[in-house]
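Report on the following structure.
There are 2 protein chains.
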Amino acid sequence: MSIKIGLFGYGNIAKAVEKDINQYPDMELVAVFTRREPSLIEKESAAPVFSQEKACSMEGKIDVMLMCGSSVSDLPSQSPEMAGYFNIVDCFDTHAKIPGHFNKVNKAALESGKTAIISVGWDPGTFSLNRLLAQVILPRGKSYTFWGKGVSQGHSDAVRRVRGVKDAKQYTIPIDSALEAVRNGENPDFTPRNMHLRECFIVPEEGADKNEIEKTVKNMPNYFKDYDTIVHFISREEFIKNHSTIPHGGFVLRSGTTGEGNKQIIECSLKLDSNPEFTANVMLCYARAAFRLNKDGNIGCKTVFDIPPYLLFNGTQEEMRERLL
Amino acid sequence: MSIKIGLFGYGNIAKAVEKDINQYPDMELVAVFTRREPSLIEKESAAPVFSQEKACSMEGKIDVMLMCGSSVSDLPSQSPEMAGYFNIVDCFDTHAKIPGHFNKVNKAALESGKTAIISVGWDPGTFSLNRLLAQVILPRGKSYTFWGKGVSQGHSDAVRRVRGVKDAKQYTIPIDSALEAVRNGENPDFTPRNMHLRECFIVPEEGADKNEIEKTVKNMPNYFKDYDTIVHFISREEFIKNHSTIPHGGFVLRSGTTGEGNKQIIECSLKLDSNPEFTANVMLCYARAAFRLNKDGNIGCKTVFDIPPYLLFNGTQEEMRERLL
Numbered sequence: 140m141s142i143k144i145g146l147f148g149y150g151n152i153a154k155a156v157e158k159d160i161n162q163y164p165d166m167e168l169v170a171v172f173t174r175r176e177p178s179l180i181e182k183e184s185a186a187p188v189f190s191q192e193k194a195c196s197m198e199g200k201i202d203v204m205l206m207c208g209s210s211v212s213d214l215p216s217q218s219p220e221m222a223g224y225f226n227i228v229d230c231f232d233t234h235a236k237i238p239g240h241f242n243k244v245n246k247a248a249l250e251s252g253k254t255a256i257i258s259v260g261w262d263p264g265t266f267s268l269n270r271l272l273a274q275v276i277l278p279r280g281k282s283y284t285f286w287g288k289g290v291s292q293g294h295s296d297a298v299r300r301v302r303g304v305k306d307a308k309q310y311t312i313p314i315d316s317a318l319e320a321v322r323n324g325e326n327p328d329f330t331p332r333n334m335h336l337r338e339c340f341i342v343p344e345e346g347a348d349k350n351e352i353e354k355t356v357k358n359m360p361n362y363f364k365d366y367d368t369i370v371h372f373i374s375r376e377e378f379i380k381n382h383s384t385i386p387h388g389g390f391v392l393r394s395g396t397t398g399e400g401n402k403q404i405i406e407c408s409l410k411l412d413s414n415p416e417f418t419a420n421v422m423l424c425y426a427r428a429a430f431r432l433n434k435d436g437n438i439g440c441k442t443v444f445d446i447p448p449y450l451l452f453n454g455t456q457e458e459m460r461e462r463l464l
Numbered sequence: 140m141s142i143k144i145g146l147f148g149y150g151n152i153a154k155a156v157e158k159d160i161n162q163y164p165d166m167e168l169v170a171v172f173t174r175r176e177p178s179l180i181e182k183e184s185a186a187p188v189f190s191q192e193k194a195c196s197m198e199g200k201i202d203v204m205l206m207c208g209s210s211v212s213d214l215p216s217q218s219p220e221m222a223g224y225f226n227i228v229d230c231f232d233t234h235a236k237i238p239g240h241f242n243k244v245n246k247a248a249l250e251s252g253k254t255a256i257i258s259v260g261w262d263p264g265t266f267s268l269n270r271l272l273a274q275v276i277l278p279r280g281k282s283y284t285f286w287g288k289g290v291s292q293g294h295s296d297a298v299r300r301v302r303g304v305k306d307a308k309q310y311t312i313p314i315d316s317a318l319e320a321v322r323n324g325e326n327p328d329f330t331p332r333n334m335h336l337r338e339c340f341i342v343p344e345e346g347a348d349k350n351e352i353e354k355t356v357k358n359m360p361n362y363f364k365d366y367d368t369i370v371h372f373i374s375r376e377e378f379i380k381n382h383s384t385i386p387h388g389g390f391v392l393r394s395g396t397t398g399e400g401n402k403q404i405i406e407c408s409l410k411l412d413s414n415p416e417f418t419a420n421v422m423l424c425y426a427r428a429a430f431r432l433n434k435d436g437n438i439g440c441k442t443v444f445d446i447p448p449y450l451l452f453n454g455t456q457e458e459m460r461e462r463l464l
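One line per chain: the protein sequences are A and B, in this order. The first sequence begins at 140 in our numbering and counts up by one. The second sequence begins at 140 in our numbering and counts up by one.
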């Protein structure tokens, strides 16, 4: 009997789940819920598409709903709502707002008797696990998270909102010398500018003032002002040819000391050709955990910190100990 | 009220715990148990030393006993025995014998109502967690573990047993080109020789036949025959000066694909100036978890796969979500 997965929202991550769920023999995709008109959706898989309003009526037919909407506009309301009907896994990634989001989802899940795991992906997600482990093992130390090289959706969106910009992609690039200093155990103090470089590829509107665009981007508070930013103007053709994929990745490092000053360095990194496809797989693993927790009566909201790793594995604990320990 | 830690065995790892337990404000070292004559032990900390036979009489005075003996000669009998009296954490690292060890410790702990966590350290231990996570997230892929550069105690011991060898240290060195091939997503198939190089620093007995020693070492089955091995003969002075520390480290990598062939690479690595000090800290974190699990009535034998990460953290789950997620 396989775990019945639903997708709430049909963007990049949902499409990635659709492509990769066949890597998980114990799961099957049973429904996709979109806010668009279902009959207009072009899908590759055979799973039926419904409008999101129909979701509540399918309680009991879906074991875990993967919440694939935007952290800005969708998940803050959708995750608590759906946790009232389903076990859910979401990819809420607005770090500062996680505590509030947790409380809302927790309340809904406790009332409905469901299990919810929020903020699942690679950051927050597997990188969070690495940060926690590294910090507890090396209490006397310093942690660093570098992102990239990869596409930041938030920064790309910010550039696209600038007047005269037709399309844009922003790459976040970790600065090699900063990474090396951390790896050497120098425990440096960094400003944002020291850690990351920002590189933008912009397709301008016809007749747009490129100098003005560049100035506006480079001085944008929060997004670019505190960084060194490189701006390239390119054609629509070049944009489609070279900037259509969504790679990402990053590094979590902790540099600490033990005993009489022995240096100890923990480093974890990801190099992802496709950010949404990786995130989709992480969500599927945690869907397996949510399903099992709920079967055990363990309800309410959880994060990756609450999940014993064996719940992610499709097999017995004996197998796991034999093959992976 | 702090967690009362006992040390069973007084070797490198126990001495490291003694030095570093002050990094953990919620724990205190209350007793050391040695198989030697307690009055002859030179210790730096104020914790009292007892002979190992006295341990059983201290049931109730120690919250978690860290089992610091050898996986070859001590832990197979000591861990099940002590699990009859205490919550324990051990560093049993003979991969092939883990299932049998687990069963013996589990039986003892279930009977006594104690909680035991076995095979805690970095490999097995944190590397095992990385292997599990990487495999579940990228089911279509291949995993690799590289060790080093670092001192292998087992291989150093093997060299010391060769006739004419006074002292020896063996470094396991990962081969850069192999690591790079994995990082590039080439999914290579390796023989042992392709992945690691072995380098030995040997202090010969006076008048020993160096050619004979070198030949014997390089042809030793299991340990060296399947590897390229470099042998250096050095003086006692140079040995003490340059080869007295116990560095280690390694790399866990998984290279997989998602969607239509997008490459996804997960890499975790450790660069440790002191292997025993790092292992000691990992054991202390899991001692915290064992203590808490036992308080919750969760008894029996566990591994790192069974432990929800939040149990490793000295603080509330709210703090953890705010600061580390």
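Virtual Cβ for every residue (Gly too), placed ideally from N, Cα, C.
Q. In this structure, does DSSP put residue 399 of chain A in helix, strand or coil?
A. For the purposes of this step, residue 399 of chain A is identified with residue 260 of the first sequence, where counting begins at 1. DSSP places residue 399 of chain A in coil when its eight states are reduced to three.
Q | residue 157 of chain B - DSSP class collapsed to helix/strand/coil | A | To locate residue 157 of chain B, count along the second sequence from 1; it is residue 18. Reduced to three states, the DSSP call for residue 157 of chain B is helix.
Q: Have a look at the DSSP bridge pairing and note the partners of residue 417 of chain B.
A: Taking the first residue of the second sequence as position 1, residue 417 of chain B is located at position 278. Partner(s): none; residue 417 of chain B has no beta bridge.
(Q) Checking the sheet assignment: what are the DSSP bridge partners for residue 473 of chain B? (A) For residue 473 of chain B there is no data in the structure shown, the boundaries of chain B being 140 and 464.
Q) What does DSSP give as the partner residues of residue 441 of chain A in its beta bridges? A) Taking the first residue of the first sequence as position 1, residue 441 of chain A is located at position 302. Paired residues: A:256.
Q.
Any beta carbon of chain A sitting closer than 7 Å to that of residue 178 of chain B?
A. Residue numbering aside, residue 178 of chain B sits at position 39 when the second sequence is read from its first letter. No, because no Cβ of chain A sits closer than 7 Å to the Cβ of residue 178 of chain B.
Q: Please decide whether residue 421 of chain A counts as near chain B, where near means a Cβ-Cβ distance under 7 Å.
A: As a position in the first sequence, residue 421 of chain A is number 282, starting the count at 1. So yes, residue 421 of chain A belongs to the interface.
(Q) Just checking: is the beta-carbon of residue 390 of chain B within a distance shorter than 7 Å of some beta-carbon in chain A? (A) As a working mapping, residue 390 of chain B is identified with position 251 in the second sequence. Chain A contact via Cβ: absent.
**Q.** Cβ neighbour criterion (16 or more within 10 Å) applied to residue 193 of chain B
**A.** Position 54 of the second sequence, counted from the first residue, corresponds to residue 193 of chain B. Per the 10 Å Cβ criterion, exposed.
Q. Residue ranges of each alpha helix (DSSP H) run of no fewer than 4 residues wholly in the segment 286-338 of chain A, ordered along the chain?
A. Fully enclosed alpha helix (DSSP H) runs of 4 or longer: 292-299, 315-322, 331-334.
**Q.** chain A contact residues for residue 431 of chain B, given Cβ-Cβ distances below 8 Å
**A.** Numbered from its first residue, the second sequence carries residue 431 of chain B at position 292. The contacting residues do not exist; residue 431 of chain B stays about 13 Å from chain A at best.
Q. Quick one: does residue 459 of chain B have its CB under 7 Å from some CB of chain A?
A. Counting from 1 along the second sequence, the entry for residue 459 of chain B is found at position 320. For residue 459 of chain B, the closest Cβ of chain A is nearer than 7 Å.
Q) Of the residues A:265, A:372, A:323, which one's Cα is nearest the Cα of residue 464 of chain B? A) Indexing the second sequence from 1 puts residue 464 of chain B at position 325. Among A:265, A:372, A:323, the Cα nearest to that of residue 464 of chain B belongs to A:265.
Q. Would you call the CB atoms of residue 150 of chain A and residue 207 of chain A closer than 7 Å?
A. Translated into the one-based positions of the first sequence, residue 150 of chain A becomes position 11. Translated into the one-based positions of the first sequence, residue 207 of chain A becomes position 68. Yes, they are a contact pair.
Q. Under a Cβ-count criterion, where at least 16 other Cβ atoms within 10 Å of its own Cβ denotes burial, should residue 180 of chain A be classed as buried or exposed?
A. Walking along the first sequence from the start, residue 180 of chain A turns up at place 41. Under a 10 Å Cβ-count criterion, residue 180 of chain A is classified as exposed, with fewer than 16 other Cβ atoms of the shown protein chains found around its own Cβ.
Q | residue 371 of chain A classed as buried or exposed, judged by whether at least 16 other C-beta atoms fall within 10 angstroms | A | As a first step, residue 371 of chain A must be located in the first sequence, where it is residue number 232. Counting Cβ neighbours within 10 Å, residue 371 of chain A comes out exposed, since fewer than 16 surround it.
Q: Would you tell me roughly how many angstroms separate the C-alpha atoms of residue 440 of chain B and residue 209 of chain B, rounded to the nearest one?
A: Within the second sequence, the letter at position 301 stands for residue 440 of chain B. Within the second sequence, the letter at position 70 stands for residue 209 of chain B. Each residue's alpha carbon lies about 19 Å from the other.
(Q) Counting only Cβ pairs nearer than 8 Å, list the residues of chain A close to residue 304 of chain B. (A) Along the second sequence, one-based indexing puts residue 304 of chain B at 165. What residue 304 of chain B touches in chain A: nothing, since even the nearest Cβ is about 28 Å away.
Q. In angstroms, rounded to a whole number, what distance separates the CA positions of residue 326 of chain A and residue 374 of chain A?
A. In the first sequence, residue 326 of chain A corresponds to position 187, counting from 1. In the first sequence, residue 374 of chain A corresponds to position 235, counting from 1. Using only the alpha carbons, I get a separation of about 42 Å.
Q: Starting from residue 247 of chain A, follow the alpha helix (DSSP H) in both directions and report where the run begins and ends.
A: Here residue 247 of chain A corresponds to residue number 108 of the first sequence, with the count starting at 1. Element bounds for residue 247 of chain A: 237-251.
**Q.** Coil, strand or helix - residue 234 of chain B by DSSP
**A.** As a position in the second sequence, residue 234 of chain B is number 95, starting the count at 1. Of the three classes helix, strand and coil, the one that applies to residue 234 of chain B here is helix, per DSSP.
Q. Can you tell me where the beta strand (DSSP E) with residue 226 of chain B in it begins and where it stops?
A. Position 87 of the second sequence holds residue 226 of chain B. Residue 226 of chain B -> beta strand (DSSP E) spans 226-229.
Q: Grab me the residues of residue 348 of chain A's own chain with a C-beta within less than 8 Å of its C-beta, minus the 5 sequence neighbours each way, in chain order.
A: For the purposes of this step, residue 348 of chain A is taken as residue 209 along the first sequence, with counting starting at 1. So the list reads 303, once near-sequence residues are dropped.
Q.
For residue 407 of chain A, list the residues DSSP reports as bridge partners.
A. Within the first sequence, the letter at position 268 stands for residue 407 of chain A. Answer by DSSP bridge pairing, in chain order: A:391, B:407.
(Q) I'd like to know if residue 342 of chain B contacts chain A, where contact means its C-beta is closer than 7 Å to some C-beta of that chain. (A) What you label residue 342 of chain B is simply residue 203 of the second sequence in a count that begins at 1. Under the Cβ distance rule, residue 342 of chain B does not count among the residues neighbouring chain A, no pair being separated by less than 7 Å.
Q) Cβ of residue 440 of chain B less than 7 Å from any chain A Cβ? A) In the second sequence, the residue the question calls residue 440 of chain B occupies position 301. Output row for residue 440 of chain B: interface = no.
Q: Closer than 6 Å by C-beta to residue 269 of chain A: which residues in its own chain qualify, once you throw out the five before and the five after it? Chain order, please.
A: Here residue 269 of chain A is taken as the residue at index 130 of the first sequence, counted from 1. Here the set comprises 391, 407.
Q: Quick one: which residues of the segment 239-266 of chain A get their C-beta closer than 7 Å to a C-beta of chain B? List them in chain order.
A: 241, 258, 263, 265
**Q.** Cα-Cα separation between residue 280 of chain A and residue 458 of chain A, rounded to whole angstroms
**A.** Against the first sequence, residue 280 of chain A aligns to sequence position 141. Against the first sequence, residue 458 of chain A aligns to sequence position 319. Rounded to whole angstroms, residue 280 of chain A to residue 458 of chain A spans 35 Å at the Cα level.
Q: Whole angstroms is fine: what's the gap from residue 294 of chain A's alpha carbon to residue 309 of chain A's?
A: Position 155 of the first sequence holds residue 294 of chain A. Position 170 of the first sequence holds residue 309 of chain A. Whole-angstrom Cα-Cα distance: 6 Å.
Q. In the DSSP assignment, what residue or residues form a beta bridge with residue 458 of chain B?
A. Here the question's residue 458 of chain B lines up with position 319 in the second sequence. None, per the DSSP bridge assignment.
Q: Could you say which of A:249, A:221, A:215 lies nearest to residue 238 of chain A if we only look at CA atoms?
A: In the first sequence, residue 238 of chain A corresponds to position 99, counting from 1. Of the candidates A:249, A:221, A:215, the one whose C-alpha sits nearest the C-alpha of residue 238 of chain A is A:215.
Q) Tell me, which residues are paired with residue 343 of chain B by DSSP? A) Position 204 of the second sequence, counted from the first residue, corresponds to residue 343 of chain B. The partner list for residue 343 of chain B (beta bridge, DSSP) reads B:304.
Q: Kindly indicate if chain B contains any beta-carbon less than 7 Å away from that of residue 408 of chain A.
A: Locating residue 408 of chain A in the first sequence gives position 269, counting from the first residue. Judged by the 7 Å Cβ criterion, residue 408 of chain A is in contact with chain B.
Q) Terminal residues of the continuous alpha helix (DSSP H) containing residue 221 of chain A? A) Taking the first residue of the first sequence as position 1, residue 221 of chain A is located at position 82. The continuous alpha helix (DSSP H) containing residue 221 of chain A extends over residues 214-221.
Q | Spatially closest choice to residue 333 of chain A from A:178, A:251, A:284, by CA coordinates | A | Within the first sequence, the letter at position 194 stands for residue 333 of chain A. Residue A:284 is the option with its Cα nearest to residue 333 of chain A.
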